[in-house]
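Sequences listed follow chains A and B, in order. First residue of the first sequence? That's 1 in our numbering, and the numbers climb one at a time after it. First residue of the second sequence? That's 284 in our numbering, and the numbers climb one at a time after it. Some notes on the structure that comes next.
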Amino acid sequence: MHRWVWRLFLIPGAMWLVVLFVVPVGFIVAVSFGTVDIVGAPVYGWHPGNYTPILQSIYIRVLLRSLTFALATTVICILLGYPVAYFVVRFGGRYKGLLLGLVILPWFVDYLVRIYAWVSLLGDQGFLNGLLHAFGMPGSPPLRLINTPYAVIGGLTYDYLPFMILPLFAVLDQIGDAVIEAGKDLYGTPAQTFFRVTLPMSLPGLMAGCVLVFLPSAGDFATAQLLGGPNSYMMGNLIDGVFEGGGFWPFGAALTALVLAVLFVPMLLYVRYALRGGGVLSG
Amino acid sequence: MSEADTIDRAAARATAERQELGAEAAVGVLRPSSRLARHRRSPLDRPRFLYVIMAFVLVFLFAPIALVVVFSLNATPSLATFGGFSPRWYEQLMHDSALLSSLFLSLQIAAATTVVSTVLGTLLALGLVRAKSRWTRPTQTVMVWPLLNPEIATAVGLLLFFSQFGLTLSPTTVTIAHITWAIPYVAIILRSRIVGLDPEIEDAAMDLGATELGALRLVVMPLLWPTIIASGLLIFVMSFDDFVTSYFTSGSGVPPLPVAIYSMIKHGVSPEINALGTLMIVLSVGTVLLALAVFRMRRPVAKGEAVVDLTGSGVA
């Protein structure tokens, strides 16, 4: 069979992605420079002025807040995810598969059900405040947990922790026991073996995990909407407000294009890494 | 000062000195003379803190979900105190016709998404591995990008695309949008499976007179079926659960289930959501466990490998 038959196989899927992914992303940029007609349909043109409101401090603040939340989430995911992945690989023994499965399983619970779980846990009438009240803590609610930045970061961590654990597990699992033993045989302390052997060897997985946690956290909006409230709004909430709240679409497109521009560098890093054979596309 | 205290202090001083000695020895690591270093205790050798973090993460991950399940059976509407078991919220759910139509709509969208994306994704994976052309690399880039792109941006792009071409937002536009992120998923999972196949099996089939297409149909496809079914099941769960894309691409009609839940939560918590959430947990987790079981049928795999493979090394 000739090669062109295999190439035919590529066509439907590739065309679908070009028409329904690449072109729509192009539309975001095109609409962001356009304006609208009298019924609100986009009219294309050159109106870079759509971007100027973003320079107002309120939008800058939301952008910085989104990036800060995403960064905090990434750091917490490293602090929790690395020990977990390390533990599962080194000390999981015959429960390795089971432990990894347990850690990943909650991710398959519906995204909104997970957020709802946190709302019912942290809410003013929620479980934790009910406990505190039962123990005689005064105030109604005894402790303000929901509608705080901490609730949003906690929720984001809950949403995306598995994305840190999985790539770390994949790289740590590849490091043979022989390498670790060699480190010890060369009189390295366990700490030195970790910092000079294990950690450097796991860096690709750590990088992948950081990108995979940072990107969706920075673009999230339901978590901030339901756990954070207006004082913790992220870029996604502003975009949602424009498109679902009947706002000026070119401005919404400009906000979306800004998010894409900011996140482009980490995306590019990951794609390059993946295509070099480090990640999902490796044989 | 009692005698016991004095002895304690002396012991503490001795311990501190020993530790200092150990630290010095550790500095001289890689020098054979520092044999002390080998036996020095370290948190990485006796990973008690690893057990603690592992336990904490499991509680962190499962406690909120367990809370949803437990309070779905609560006899009172409270989410803070448990007032006895009762199926009342499930009964209320069974009579909520709006939610039930959302549930069936989401099941339909998930089924259609699964069929189309599994077919297109499998073809794409086969093409990517076998057609060595200058288009392979650009296609791979286009394939990875949707998985990394913030979902809200993909959804907004599709919303603009649909409105530009005058497509009214409907369950059809939601399905088209879901297929768009599902194709790369299927393709990546299938691709790693195809790359892992032994090429000699196919060569053997062709030596025995099979055409290349015959070898694909008779030899390769039977090996791929478990992976195809497993990835299809995963796509079903992900489409059924998807909120962001559904939210931006659904119209004013019956909302898909996650969109319906979103507006319910916005209006305040209710144990009815607990009951619905519990049903969704059972459905999703059950399907994923089924997918994992099917996936492991292909061959004995190393522990944990199935989970990593099936989730595309963690790209989501």
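We put the CB at the ideal spot given by N, CA and C, even for glycine.
Counting contacts by CB-CB distance shorter than 8 Å, is residue i in contact with chain B?
{"i": "T35 (chain A)", "result": "no"}
{"i": "R236 (chain A)", "result": "In the sequence under discussion, the amino acid at residue 236 (chain A) is Gly, which differs from the Arg named in the question. With 8 Å as the cut-off, G236 (chain A) counts as an interface residue toward chain B."}
{"i": "Y270 (chain A)", "result": "yes"}
{"i": "D110 (chain A)", "result": "yes"}
{"i": "T68 (chain A)", "result": "no"}
{"i": "Y150 (chain A)", "result": "no"}
{"i": "Q174 (chain A)", "result": "no"}
{"i": "P250 (chain A)", "result": "no"}
{"i": "N147 (chain A)", "result": "no"}
{"i": "S140 (chain A)", "result": "no"}
Return yes when the Cβ of residue j is within less than 8 Å of the Cβ of residue i, no when it is not.
{"i": "F531 (chain B)", "j": "F9 (chain A)", "result": "no"}
{"i": "T607 (chain B)", "j": "S522 (chain B)", "result": "What is shown of chain B runs 284 to 599, which leaves residue 607 (chain B) out entirely."}
{"i": "N50 (chain A)", "j": "F251 (chain A)", "result": "yes"}
{"i": "F221 (chain A)", "j": "M201 (chain A)", "result": "no"}
{"i": "A30 (chain A)", "j": "I153 (chain A)", "result": "no"}
{"i": "G307 (chain A)", "j": "G236 (chain A)", "result": "Since the displayed chain A opens at 1 and closes at 283, residue 307 (chain A) lies outside it and no answer follows."}
{"i": "A488 (chain B)", "j": "L480 (chain B)", "result": "no"}
{"i": "V363 (chain B)", "j": "G136 (chain A)", "result": "The identity of residue 363 (chain B) in the sequence shown is Ala, whereas the question assumes Val. No, the pair does not count as a contact, with Cβ atoms beyond the cut-off."}
{"i": "W464 (chain B)", "j": "T528 (chain B)", "result": "yes"}
{"i": "F27 (chain A)", "j": "G440 (chain B)", "result": "yes"}
{"i": "P554 (chain B)", "j": "A117 (chain A)", "result": "no"}
{"i": "A436 (chain B)", "j": "L260 (chain A)", "result": "yes"}
{"i": "V271 (chain A)", "j": "V427 (chain B)", "result": "yes"}
{"i": "T561 (chain B)", "j": "S355 (chain B)", "result": "yes"}
{"i": "L382 (chain B)", "j": "L566 (chain B)", "result": "no"}
{"i": "A70 (chain A)", "j": "F214 (chain A)", "result": "yes"}
{"i": "L112 (chain A)", "j": "L145 (chain A)", "result": "no"}
Measure from the C-beta of residue i to each C-beta in chain A and report whether the shortest distance is under 8 Å.
{"i": "Q601 (chain B)", "result": "There is simply no residue 601 (chain B) to check, as chain B begins at 284 and stops at 599 in what is shown."}
{"i": "A363 (chain B)", "result": "yes"}
{"i": "T401 (chain B)", "result": "no"}
{"i": "R413 (chain B)", "result": "yes"}
{"i": "I544 (chain B)", "result": "yes"}
{"i": "D524 (chain B)", "result": "yes"}
{"i": "T458 (chain B)", "result": "no"}
{"i": "G536 (chain B)", "result": "no"}
{"i": "S385 (chain B)", "result": "no"}
{"i": "F354 (chain B)", "result": "yes"}
{"i": "I484 (chain B)", "result": "no"}
{"i": "A470 (chain B)", "result": "yes"}
{"i": "V552 (chain B)", "result": "yes"}
{"i": "L350 (chain B)", "result": "yes"}
Near residue i, what residues of its chain come up, given a Cβ to Cβ distance below 7 Å and the 5 sequence neighbours on each side ignored?
{"i": "K586 (chain B)", "result": "Residue placement at K586 (chain B) is poorly supported in this model, since its pLDDT is 46, which falls under 50; the coordinates still yield a value, given next. Counting only Cβ-Cβ distances below 7 Å, and skipping sequence neighbours, we find nothing."}
{"i": "G536 (chain B)", "result": "S453"}
{"i": "W6 (chain A)", "result": "none"}
{"i": "L80 (chain A)", "result": "L161"}
{"i": "L226 (chain A)", "result": "I115 and V119"}
{"i": "L386 (chain B)", "result": "L540"}
{"i": "Q423 (chain B)", "result": "L411"}
{"i": "L450 (chain B)", "result": "T456"}
CB-CB under 6 Å to residue i, same chain, minus the five flanking residues each way: which ones, in chain order?
{"i": "L313 (chain B)", "result": "Summary for L313 (chain B): the model assigns pLDDT 43, below 50, so the residue's position carries little reliability; its value from the coordinates is reported in the next sentence. Contacts found: none."}
{"i": "W104 (chain A)", "result": "For clarity, residue 104 (chain A) is Ile in the given sequence; the question names Trp instead. Answer for I104 (chain A): P162, listed in chain order."}
Ordered along the chain, which non-local residues of its own chain (more than five positions away) have a Cβ less than 8 Å from that of residue i?
{"i": "K184 (chain A)", "result": "P190 and T193"}
{"i": "T157 (chain A)", "result": "T73, I76, C77 and L80"}
{"i": "V478 (chain B)", "result": "V412"}
{"i": "G45 (chain A)", "result": "F33, G34 and T35"}
Please indicate yes or no: does the CB of residue i lie closer than 7 Å to some heavy atom of the ligand ATP?
{"i": "D185 (chain A)", "result": "With respect to the ligand ATP, the structure shown offers nothing to examine, as it has no ligands at all."}
Q.
Taking 8 Å as the cut-off, does the region 373-391 of chain B touch the region 438-447 of chain B (at least 3 CB pairs, one atom from each stretch)?
A. Contact between the region 438-447 of chain B and the region 373-391 of chain B is absent: fewer than three C-beta pairs spanning the two stretches fall below 8 Å.
Q. Of the residues that make up the region 425-436 of chain B, which ones have a beta carbon closer than 9 Å to any beta carbon in chain A?
A. V425, M426, V427, W428, P429, L430, L431, N432, P433, E434, I435 and A436
**Q.** the region 490-504 of chain B / the region 41-57 of chain A touching (three or more Cβ pairs under 8 Å)
**A.** no
**Q.** Contact residues within the region 492-513 of chain B, judged by C-beta distance below 8 Å to chain A
**A.** T494, E495 and L496
Q. When you check each C-beta in the region 440-459 of chain B against every C-beta of chain A, which residues fall closer than 9 Å?
A. G440, L441, L442, L443, F444, F445, S446, Q447 and I459
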